[in-house]
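Peer 1: Quick note on numbering: the sequence shown equals residues 89 to 510 in the numbering used here. Just so you know, even glycine gets a beta-carbon here, dropped at the ideal spot from N, CA and C.
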Amino acid sequence: MAQIAVIGASYVGLTTAACFARLGHHVVCAEIDEVKVSQLQRGEVPIVEAGLDALVREGSDEGRLRFVLGAAAACDSAEFVYLCVQTPQRADGSADLSFIEAAAREIGPALSSEAVVVNKSTVPVGSTRVVERVLGRDDVVVVSNPEFLREGSAVHDFLNPDRIVIGSDDQSAAARVAALYIGVTAPIIVTDPASAETIKYAANAFLAAKVSFVNALAAVCDAVGADVKDVVLGVGYDTRIGHEFLKPGPGFGGSCLPKDTRALVHIADDAGYAFDLLRGVIAVNEEQFHRVVAKVRDMAGGSLAGAKVAVWGLTFKARTDDTRESPALRIVSLLAAEGADVQAYDPAVKGPVDGVVSANDPYSVCEGARVLAVLTEWDDFRWLDFDKVGGLMETPCVVDARNLLDKPALERRGFRYVGIGR
Ligand code: UGA
Numbered sequence: 089m090a091q092i093a094v095i096g097a098s099y100v101g102l103t104t105a106a107c108f109a110r111l112g113h114h115v116v117c118a119e120i121d122e123v124k125v126s127q128l129q130r131g132e133v134p135i136v137e138a139g140l141d142a143l144v145r146e147g148s149d150e151g152r153l154r155f156v157l158g159a160a161a162a163c164d165s166a167e168f169v170y171l172c173v174q175t176p177q178r179a180d181g182s183a184d185l186s187f188i189e190a191a192a193r194e195i196g197p198a199l200s201s202e203a204v205v206v207n208k209s210t211v212p213v214g215s216t217r218v219v220e221r222v223l224g225r226d227d228v229v230v231v232s233n234p235e236f237l238r239e240g241s242a243v244h245d246f247l248n249p250d251r252i253v254i255g256s257d258d259q260s261a262a263a264r265v266a267a268l269y270i271g272v273t274a275p276i277i278v279t280d281p282a283s284a285e286t287i288k289y290a291a292n293a294f295l296a297a298k299v300s301f302v303n304a305l306a307a308v309c310d311a312v313g314a315d316v317k318d319v320v321l322g323v324g325y326d327t328r329i330g331h332e333f334l335k336p337g338p339g340f341g342g343s344c345l346p347k348d349t350r351a352l353v354h355i356a357d358d359a360g361y362a363f364d365l366l367r368g369v370i371a372v373n374e375e376q377f378h379r380v381v382a383k384v385r386d387m388a389g390g391s392l393a394g395a396k397v398a399v400w401g402l403t404f405k406a407r408t409d410d411t412r413e414s415p416a417l418r419i420v421s422l423l424a425a426e427g428a429d430v431q432a433y434d435p436a437v438k439g440p441v442d443g444v445v446s447a448n449d450p451y452s453v454c455e456g457a458r459v460l461a462v463l464t465e466w467d468d469f470r471w472l473d474f475d476k477v478g479g480l481m482e483t484p485c486v487v488d489a490r491n492l493l494d495k496p497a498l499e500r501r502g503f504r505y506v507g508i509g510r
């Protein structure tokens, strides 16, 4: 089994570290945040991610997973060093590589000879070469091995991937990286580094395009009186199209799809290609926030000024506590900008985010509300007492931006209901 260092203990790094330990490797995970390191050393996982706590505990108990402060400390005897640090977005949409460069600068002198440095962060095309340059080590190979982990099912996705992509010009380094996925059954695609980096952006941009396509389609369904659920079912049986990732909603969000879509537009621009199709995808997504607000405004009687609006859901999707680039937060701020008095509840959000406070329970936010907006698809919302909800509201009106609730059942209880495209 291999000695692996993982640099960065956020969603991707922590999942990678815990899953490699599960596969039997010896993993040291490095983090620069001292508090996080102490938490992880005590076995506390600071994020909501299904199955991750158990794997971190298992790896630590069995001595295959350790947490240390600082990247250099993890690299001593590592045969593989996975870079899983953040690549935030600059104001112009391009990716900020300063974290990855800083990590490479730090580990460069600490790497043992013949080590393989693996880029798992989402990085612009050409970054494998940048890391090689910053490391300044002729005896070390840099390989791209992008991640395709969805928050909420990252552990499952790591251990049961659709594919493993490895980008390297060095076939033997690629084979060594492939061998780390011992016991994982998936097609392995070995490409040059630039293609592997492009695959990652292409995957996220295509997923974003599917969501914008279905949201635009939902707008058509609203206008012509069709039901988008049935339309998607009907087209999804075409195996060339498929059923996945075609749920209309309040727009795509999170730390990946919006950032990576904008980054690919930027990468294409730099390379001399105007990726207008993707610009359209981004524009439709922006429109979608406003479409949801318009639905709430209509339900409120044409104006939001002074209207109490209850919001269920603040995270960018269910089964995570992540609110980064959450459509829900965008919509809340647009509602507030029109004068609405918004009270929100999310089962996974405790402290205030972007000035929005999550109440302790879903009912209290409905008191006196003119409209209830469902913005995240938490399953719990489906099973609440809607007679109680209706009784608390000024007017029992629901805008279900996730098409989550049972429309006929709500209408039987006297609610006015509007979804997305149905
Ligand atoms: C995404 C990709 O799905 C992963 O494959 C990738 O590895 C990851 O980004 C990354 O680059 O790290 P994630 O950010 O966890 O994963 O979120 P998704 O599950 O892709 O959802 C993104 C957004 O699209 C959410 O706001 C979600 O609610 C929305 N969505 C998704 C829809 O509105 N409709 C759908 O049918 C699917």
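Report all residues from its chain with a CB closer than 7 Å to the CB of Arg-350; omit the five preceding and five following residues, and keep chain order.
Peer 2: If we look at Arg-350 and ignore the five residues flanking it on each side, its Cβ neighbours are Gln-177, Gly-181, Ile-370.
Peer 1: How about Val-204 and Phe-168: are their beta carbons less than 8 Å apart?
Peer 2: Yes, Cβ-Cβ distance for Val-204 and Phe-168 is below 8 Å.
Peer 1: Which stretch, first to last residue, makes up the alpha helix (DSSP H) that contains Asn-448?
Peer 2: Where Asn-448 is concerned, there is no enclosing alpha helix (DSSP H), given that its DSSP letter is neither H nor E.
Peer 1: Going by other Cβ atoms of all chains shown within 10 Å of its Cβ, with 16 needed for buried, is Pro-126 buried or exposed?
Peer 2: According to the sequence shown, residue 126 is Ser rather than Pro. Exposed.
Peer 1: Taking Pro-336 as the reference, give the member of Thr-464, Leu-268, Val-486, Cys-485 with the closest Cα.
Peer 2: The option with the nearest alpha carbon to Pro-336 is Thr-464.
Peer 1: Threshold first: 3 residues or longer. Then list the beta strand (DSSP E) segments lying entirely within the segment 463-495, N to C.
Peer 2: 485-488, all fully within the segment 463-495.
Peer 1: For the ligand UGA, I want to know if Asn-77 counts as a neighbour, meaning its beta carbon is within less than 7 Å of at least one of the ligand's heavy atoms.
Peer 2: A question about residue 77 goes unanswered here, because the residues of the chain that appear run from 89 up to 510.
Peer 1: To which residues of the same chain is Ala-183 closer than 7 Å at the C-beta, ignoring the five residues directly before and after it?
Peer 2: Closer than 7 Å at the Cβ level, and outside the excluded window around Ala-183, lie Thr-175, Gln-177, Val-211, Pro-212, Ala-351.
Peer 1: I'd like to confirm something about Gly-337: is its beta-carbon nearer than 7 Å to some heavy atom of the ligand UGA, or not?
Peer 2: Under cutoff, so the answer is yes.
Peer 1: Tell me the rounded alpha-carbon separation between Asn-491 and Leu-334.
Peer 2: Taking the straight line from one Cα to the other gives about 12 Å.
Peer 1: CB Pro-415 to CB Gly-339, shorter than 8 Å?
Peer 2: Cβ atoms of Pro-415 and Gly-339: closer than 8 Å.
Peer 1: Grouping DSSP H, G and I as helix and E and B as strand, with all else coil, what is Thr-349?
Peer 2: Three-state result, Thr-349: helix.
Peer 1: Given Ile-270, which residues of its chain have a CB within under 6 Å of its CB, disregarding the five upstream and five downstream residues?
Peer 2: Closer than 6 Å at the Cβ level, and outside the excluded window around Ile-270, lie Leu-111.
Peer 1: May I ask which residues mark the beginning and end of the beta strand (DSSP E) holding Asn-233?
Peer 2: Where Asn-233 is concerned, there is no enclosing beta strand (DSSP E), given that its DSSP letter is neither H nor E.
Peer 1: Is Pro-440 near the ligand UGA, with its Cβ less than 7 Å from a heavy atom?
Peer 2: Because no heavy atom of the ligand UGA lies under 7 Å away, the Cβ of Pro-440 does not count as near it: no.
Peer 1: Taking the straight line between their C-alpha atoms, what separation do you get for Gln-431 and Lys-396?
Peer 2: Going from the Cα of Gln-431 to the Cα of Lys-396 covers about 8 Å.
Peer 1: Which class does Phe-108 belong to by DSSP, given the choice of helix, strand or coil?
Peer 2: Helix.
Peer 1: Cα separation between Val-219 and Glu-285?
Peer 2: Using only the alpha carbons, I get a separation of about 13 Å.
Peer 1: Could you tell me if the beta carbon of Pro-275 falls within a distance shorter than 7 Å of some heavy atom in the ligand MG?
Peer 2: Among the ligands modelled here, namely the ligand UGA, the ligand MG does not occur.
Peer 1: Check whether the Cβ of Phe-333 sits closer than 7 Å to any heavy atom of the ligand UGA, and report yes or no.
Peer 2: Indeed, a heavy atom of the ligand UGA lies less than 7 Å from the Cβ.
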